[in-house]
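**Q** Attaching a single structure in structure tokens format; questions to follow.
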Amino acid sequence: MSFYFSIVDDTDDATLENIKPVYDFLYEKGILITKTIWVYPPRDKPSSGDCLQRPEYVEFIKDLHHKGFEIALHNVGSGDYTREEILEGLEEFKDKLGFYPKIHINHSYNKDSIYGGTKRFNWPFNKIVNAMYPQYAGEFQGEIEGSAYFWGDVHKKMITYNRNHEFRNLNTLAVDPKTPYFDPKRSRFSNYWFSSSFAPNQLVFNHLVSRKNVDKLVSQGGTAIVFTHFGYFYKDGELDQGFVEAIDYLTNQKDGNYMPVSQLLDLRAEERRLKGKAPYPTISWFYKFRLELLHLLTRVYYRKFNKIDDYAFKDLDKDMFVEK
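Residue numbers (the working numbering): 24 to 347.
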């Protein structure tokens, strides 16, 4: 029975020096994934990482694309970017790489994020998240017409897929079989949405992509879309050993299919179409409620119980992201 495996690599803290060894290893193992990038350098705290302003990094990204990796957008940069800057950044993306991105992943506290923060959730969870993170209020304006950070009209025309909810289960589609889906409450300035399996750093990645979980994924003929930050996986001249062992075990399984996220989502949509079904099913309020609940339970689990999410991993304080 075939199974499918893909990864979205969030570009936070990724530099040519710490990310190239990861991609060399993945390519050697036959795993093609989706890498997000920035056009501009970070302008907020405490973000860091390379962008398309570094010529050597541009050549690396072009080589990845030539090899079959997908290059996606993580906003045009880390920090707040106006509509004019965003549109210029998208054109620079096209000029330097030869194409526009098909996937966009919202970054952190960027005001230009599309349906970011509490807007990821319907009632009642939007109220709960707002109470937990009051700094979210009014911050995300990428889809608000008239805002200096509005680019929703261009996003709608250019971007096919956005990521939203994330879970503890490696078999992403076992939790969300409707991925990729149409969300009517967020349709004016977006197209289709997908879920992912939560693995923000190597600690969570190795916990998620364990032998037990891989065996279960294979036996179910499942589909994994893992969300992570590969900028953390190479340190002191070495790849994380747990990551290496996890990928080695994964690729030793029979009938594995490894492809970038857009290709995987397109395949899923086409399979539905051929069966006479809607390629991108519209999700109901109750279905979305279930996704949101599982998403928040995943975050609580890694924040309060198995404390290996990024707040523990990087010893972060949520307030450090907010300008005083």
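All C-beta atoms in this analysis are idealised placements derived from N, C-alpha and C, irrespective of residue type, glycine included.
Please report the residue range of the beta strand (DSSP E) in which E189 lies.
**A** 184 to 190 is the span of the beta strand (DSSP E), which, as asked, contains E189.
**Q** The beta strand (DSSP E) with N280 in it runs from where to where?
**A** Here the beta strand (DSSP E) through N280 covers 279 to 281.
**Q** Between A247, S242, K201, N214, which lies nearest to F221 when the distance is taken from Cα to Cα?
**A** Among A247, S242, K201, N214, the Cα nearest to that of F221 is on A247.
**Q** Quick test of your reading: H188 and S218, contact by CB under 8 Å. State the CB separation rounded to the nearest angstrom.
**A** With a Cβ gap of about 5 Å, H188 and S218 count as contacting.
**Q** Can you tell me which of the three DSSP states K43 falls into?
**A** Helix at K43.
**Q** In or out: L320 buried (at least 16 other Cβ within 10 Å) or exposed?
**A** With fewer than 16 Cβ atoms within 10 Å of its Cβ, L320 is classed as exposed.
**Q** Taking the alpha carbon of P223 as the reference point, which residue from R66, D332, A301, F48 has its own alpha carbon closest?
**A** The shortest C-alpha separation from P223 is found at D332.
**Q** In whole angstroms, what is the alpha-carbon distance linking T34 and G121?
**A** T34 and G121: Cα-Cα distance of roughly 20 Å.
**Q** Where do the ends of the alpha helix (DSSP H) carrying F336 lie?
**A** It spans 333 to 336 - the alpha helix (DSSP H) in which F336 sits, taken as one unbroken run.
**Q** Verify whether the separation of the beta carbon atoms of V227 and V31 is less than 7 Å.
**A** Their beta carbons are not under 7 Å apart, which means V227 does not touch V31 by this criterion.
**Q** For N329, count neighbouring C-beta atoms within 10 Å of its own C-beta (all shown protein chains included) and say buried if the count is 16 or more, exposed if not.
**A** Exposed, since its Cβ has fewer than 16 Cβ neighbours within 10 Å.
**Q** Along the chain, where does the beta strand (DSSP E) containing F26 start, and where does it finish?
**A** First-last of the beta strand (DSSP E) with F26: 26 to 32.
**Q** Taking 7 Å as the threshold (C-beta atoms), are K58 and I94 in contact?
**A** Result yes, Cβ atoms of I94 and K58 sit closer than 7 Å.
**Q** Go through the region 202 to 241 residue by residue and report every complete run of the beta strand (DSSP E) that reaches 3 residues or more, in order.
**A** Listed in chain order, they are 215 to 221.
**Q** How should M24 be labelled, buried or exposed, when 16 other C-beta atoms within 10 angstroms of its C-beta is the threshold for buried?
**A** The residue is exposed, with fewer than 16 neighbouring Cβ atoms inside 10 Å.
**Q** Where does V323 land, buried or exposed, given buried means 16+ other C-beta within 10 angstroms?
**A** Per the 10 Å Cβ criterion, exposed.
**Q** Please report the distance separating the alpha-carbon of P44 from that of Q76.
**A** Taking the straight line from one Cα to the other gives about 21 Å.
**Q** Using three-state DSSP, classify L75 as helix, strand or coil.
**A** Coil, per DSSP.
**Q** What is the C-beta distance between N153 and G139, in whole angstroms, given that I count them as a contact (C-beta under 8 Å)?
**A** Not really, about 13 Å apart at Cβ, beyond 8 Å.
**Q** With a threshold of 16 other CB atoms inside 10 Å of the CB of L78, please say whether the residue is buried or exposed.
**A** According to the sequence provided, residue 78 is Pro. The question's Leu does not apply to it. Its Cβ having fewer than 16 others within 10 Å, P78 is exposed.
**Q** So, using beta-carbon positions, are G279 and F26 closer together than 7 Å?
**A** Yes, these two residues count as a Cβ contact at 7 Å.
**Q** Verify whether the separation of the beta carbon atoms of I137 and G165 is less than 7 Å.
**A** Yes, the pair counts as a contact, with Cβ atoms nearer than the cut-off.
**Q** What span of residues does the beta strand (DSSP E) with K300 cover, start to end?
**A** Counting along the chain, K300 falls outside any beta strand (DSSP E), and DSSP gives it neither H nor E.
**Q** Rounded to the nearest angstrom, how far is the Cβ of D36 from that of G254, given a contact under 8 Å?
**A** D36 to G254, Cβ: 4 Å. Contact.
**Q** So N229 and F266 are in contact, right, with Cβ under 8 Å, and what is the actual spacing, rounded?
**A** Right, the Cβ-Cβ distance comes to about 6 Å (below 8 Å), so this counts as a contact.
**Q** Using DSSP with H/G/I as helix, E/B as strand and the rest coil, what is Y104?
**A** Note: Y104 maps to coil in three-state DSSP.
**Q** With DSSP collapsed to three states, give me the class of A154.
**A** Note: A154 maps to helix in three-state DSSP.
**Q** Ignore the nearest five residues each way along the sequence and tell me which others in L262's own chain have a CB closer than 7 Å to its CB.
**A** So the list reads P44, V45, F48, F256, once near-sequence residues are dropped.
**Q** Where V249 and A197 are concerned, what is the direct C-alpha to C-alpha distance, given to the nearest angstrom?
**A** V249 and A197: Cα-Cα distance of roughly 13 Å.
**Q** Starting from the C-beta of F148, find all residues in its chain whose C-beta is less than 6 Å away, skip the five residues before and the five after it, and write them out in chain order.
**A** Closer than 6 Å at the Cβ level, and outside the excluded window around F148, lie E315.
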